[in-house]
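Heads up, the thing below is written out as structure tokens.
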Amino acid sequence: ETLDKGLEKSSQGFFENISQAVVGKSVVDEEVLDDLEDVLIASDVGAETTIKIIKKIEARVAKDKYTNVSQLNEILKEEISNLLLDNPHAQTGNIDESKKPYVIMVVGVNGVGKTTTIGKLAHQFKSDGKNVVLGAADTFRAAAVDQLVIWSERVGVPIVKQNMGSDPASVAFDTVQSAVAQNADVVIIDTAGRLHNKVNLMNELTKIKRVMQKVLPDAPHEVLLVLDGSTGQNAFEQAKQFTAATEVTALAITKLDGTAKGGVVIGISDQFKIPVKYIGVGEKMTDLQLFNGTEFVDSFFR
Ligand code: GDP
Numbered sequence: 008e009t010l011d012k013g014l015e016k017s018s019q020g021f022f023e024n025i026s027q028a029v030v031g032k033s034v035v036d037e038e039v040l041d042d043l044e045d046v047l048i049a050s051d052v053g054a055e056t057t058i059k060i061i062k063k064i065e066a067r068v069a070k071d072k073y074t075n076v077s078q079l080n081e082i083l084k085e086e087i088s089n090l091l092l093d094n095p096h097a098q099t100g101n102i103d104e105s106k107k108p109y110v111i112m113v114v115g116v117n118g119v120g121k122t123t124t125i126g127k128l129a130h131q132f133k134s135d136g137k138n139v140v141l142g143a144a145d146t147f148r149a150a151a152v153d154q155l156v157i158w159s160e161r162v163g164v165p166i167v168k169q170n171m172g173s174d175p176a177s178v179a180f181d182t183v184q185s186a187v188a189q190n191a192d193v194v195i196i197d198t199a200g201r202l203h204n205k206v207n208l209m210n211e212l213t214k215i216k217r218v219m220q221k222v223l224p225d226a227p228h229e230v231l232l233v234l235d236g237s238t239g240q241n242a243f244e245q246a247k248q249f250t251a252a253t254e255v256t257a258l259a260i261t262k263l264d265g266t267a268k269g270g271v272v273i274g275i276s277d278q279f280k281i282p283v284k285y286i287g288v289g290e291k292m293t294d295l296q297l298f299n300g301t302e303f304v305d306s307f308f309r
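For the working numbering, add 7 to where a residue sits in the sequence shown, where the first one is 1.
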């Protein structure tokens, strides 16, 4: 239900646009497909993935020349489900419990909802009965540390921090060390998201990893990239830059409740072959969902 509500704007926008595309039409012809292409692009599915979807539908329609427009939604739903499931990495399990602590390094630019997502995750894990430790390794912005402290208090989980401007890798080291000492289940480490210098970003993330590996050689177990789902092409661009800088293993796409362009989830997952693991559908602590492709498509194409 939260999902339906969170995707309401996207779903409505999509429904209206599709309805427009088929108005006065009875069968799916070239013109309908052209309009559908525009609808997908407008929903931020992205050019590459849109073409892929249109080609699949074209092939199906070519086989059955009299495909009725009333079937279009169902066909589209099937093709997009296949695409999300075809993604070989589309595993949406929560955490690997054989890793203790399971270390999540969170990356992404400022403003995308990184801190909020960390808070929501901490809340989820804690509600599952897990012991969580947060690490404030975004030491460049006082506000980032302050915000994370507020979340740690709100959720009721410990946080490891140092002074402003200290080495993020050192904070990560302390956090993992403290988590091991406490026999914690999950560690969530916030990092600075400055994109102005690609080499710096790469060096910084590499160093954070290398230093935490002194405590836990196979950490981090997850590198979670947070993207703002309402920013369309910017989200694609950020995904490109972060995947170039480090090995991103999962995506969290936020603010889907505030946009009609939820198609970004489909395009980013397809283009980068990285599973969307979480979606943010509101500002509350409980407004983070473990992504499920089938449920997503069902809500989207209600
Ligand atoms: P950060 O700079 O990346 O750490 O971003 P914040 O976590 O501080 O979030 C920036 C703003 O986005 C805040 O006002 C959050 O409440 C809001 N926000 C984060 N996630 C969501 C979401 O899924 N939906 C909505 N509507 N707002 C969100």
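Ideal Cβ placement from N, Cα and C applies to all residues, glycine included.
Give every residue of the same chain whose Cβ lies closer than 6 Å to the Cβ of residue 181, excluding the five residues on either side of it in the sequence, and list them in chain order. Taking C-beta separations shorter than 6 Å and ignoring five residues to either side along the sequence, the partners of residue 181 in its chain run 167, following chain order.
In angstroms with no decimal places, state the Cα-to-Cα distance between residue 19 and residue 42. Whole-angstrom Cα-Cα distance: 17 Å.
Quick one: is residue 131 buried, meaning 16 or more other Cβ sit within 10 Å of its Cβ, or exposed? Residue burial is scored here from C-beta neighbours: residue 131 has at least 16 other C-beta atoms within 10 angstroms and is therefore classed as buried.
Name the two residues that bound the continuous alpha helix (DSSP H) containing residue 277. Residue range 271-279 is occupied by the alpha helix (DSSP H) that includes residue 277.
Between residue 118 and the ligand GDP, is there a pair consisting of the residue's CB and a ligand heavy atom that are separated by less than 7 Å? Correct: residue 118 has its Cβ closer than 7 Å to the ligand GDP.
Could you give the residue range of the beta strand (DSSP E) that holds residue 142? Where residue 142 is concerned, the enclosing beta strand (DSSP E) stretches over 139-144.
Can you tell which of 47, 14, 64 and 79 has the C-alpha that lies nearest to the C-alpha of residue 29? In terms of CA proximity to residue 29, 79 leads the group 47, 14, 64 and 79.
For the alpha helix (DSSP H) holding residue 39, just list the boundary residues, first then last. Residues 37-49.
From the DSSP output, in three-state form, read off residue 261 for me. Three-state result, residue 261: strand.
Can you tell me whether residue 211 is buried or exposed, with buried defined as 16 or more other CB within 10 angstroms of its CB? By the neighbour-count rule (16 or more Cβ atoms within 10 Å), residue 211 is buried.
Run the CB neighbour count on residue 189, radius 10 Å, all protein chains shown included, and call it buried at 16 or more, exposed below. Exposed is the call here.
With a CB to CB cut of under 8 Å and the five nearest residues on each side skipped, what residues in its chain are close to residue 17? The beta carbon of residue 17 lies closer than 8 Å to those of 50, 263, 266, 267, 268, 269, 270 and 307 in the same chain, with the five residues before and after it left out.
Which word fits residue 127, buried or exposed, when buried means at least 16 other C-beta atoms lie within 10 angstroms of its C-beta? Per the 10 Å Cβ criterion, buried.
Element boundaries [alpha helix (DSSP H), containing residue 296]: Per DSSP, residue 296 belongs to no alpha helix (DSSP H); it is in the beta strand (DSSP E), 295-297.
Nearest-angstrom beta carbon gap, residue 200 and residue 114 [assumed within contact, 8 Å]: Indeed they touch by this definition, with Cβ atoms about 7 Å apart.
Specify, as a first and last residue, the run of the alpha helix (DSSP H) that residue 300 falls within. For residue 300, the uninterrupted alpha helix (DSSP H) segment begins and ends at 300-307.
Which runs of the alpha helix (DSSP H) spanning at least 4 residues fall entirely within the region 138-219, listed in chain order? List check, alpha helix (DSSP H) in window: 149-162, 175-188 and 205-219.
I believe residue 142 touches residue 197 by the beta-carbon criterion, under 8 Å. Please report the beta-carbon distance rounded to the nearest angstrom. Indeed, because the Cβ distance is near 7 Å, the residues count as touching under 8 Å.
Just checking my contact of residue 81 with residue 64 at CB under 8 Å: how many whole Å lie between their CB atoms? Between residue 81 and residue 64 the beta-carbon gap is near 11 Å, outside 8 Å, which marks them as no contact.
For a test of your reading of the model: does the CB of residue 293 fall under 7 Å from any non-hydrogen atom of the ligand GDP? Yes or no. Checking the Cβ of residue 293 against the ligand GDP gives no.
Simplified DSSP assignment, three categories, for residue 102: Correct three-state label for residue 102: coil.
Exposed or buried, residue 157, counting other C-beta atoms within 10 Å across all chains shown (16 or more means buried)? Exposed is the call here.
Please name the residue in 276, 249 and 300 whose C-alpha comes closest to that of residue 112. When only C-alpha atoms are compared, the closest one is 249.
By Cβ distance, which residues of its chain are closer than 8 Å to residue 215, with the 5 residues on each side in sequence left out? Excluding its 5 nearest sequence neighbours in each direction, residue 215 has C-beta neighbours in its own chain below 8 Å: 112, 144, 175, 176, 179, 196 and 198, listed in chain order.
Just curious, the alpha helix (DSSP H) that residue 86 is in, first and last residue? Element bounds for residue 86: 79-93.
Alpha carbon to alpha carbon, how far is residue 46 from residue 62? Between residue 46 and residue 62, the C-alpha separation is close to 15 Å.
Would the beta-carbon of residue 288 be found less than 7 Å away from any heavy atom of the ligand GDP? Yes, Cβ of residue 288 sits closer than 7 Å to a heavy atom of the ligand GDP.
Pick from 225, 48, 194 and 291 that is closest to residue 161, judged by C-alpha positions: Measuring from the Cα of residue 161, the nearest candidate turns out to be 291.
Distance check for residue 230 and residue 217, CA to CA, integer angstroms please. Roughly 14 Å separates the two Cα atoms.
Is residue 221 near the ligand ATP, going by C-beta to nearest heavy atom under 7 Å? No copy of the ligand ATP occurs in the structure displayed; its ligands are the ligand GDP alone.
Hey, quick one: how far does the beta strand (DSSP E) through residue 231 stretch, first residue to last? DSSP places residue 231 inside the beta strand (DSSP E), whose first and last residues are 229-235.
Straight-line gap, residue 67 to residue 124 (C-alpha atoms, nearest Å): Between residue 67 and residue 124, the C-alpha separation is close to 40 Å.
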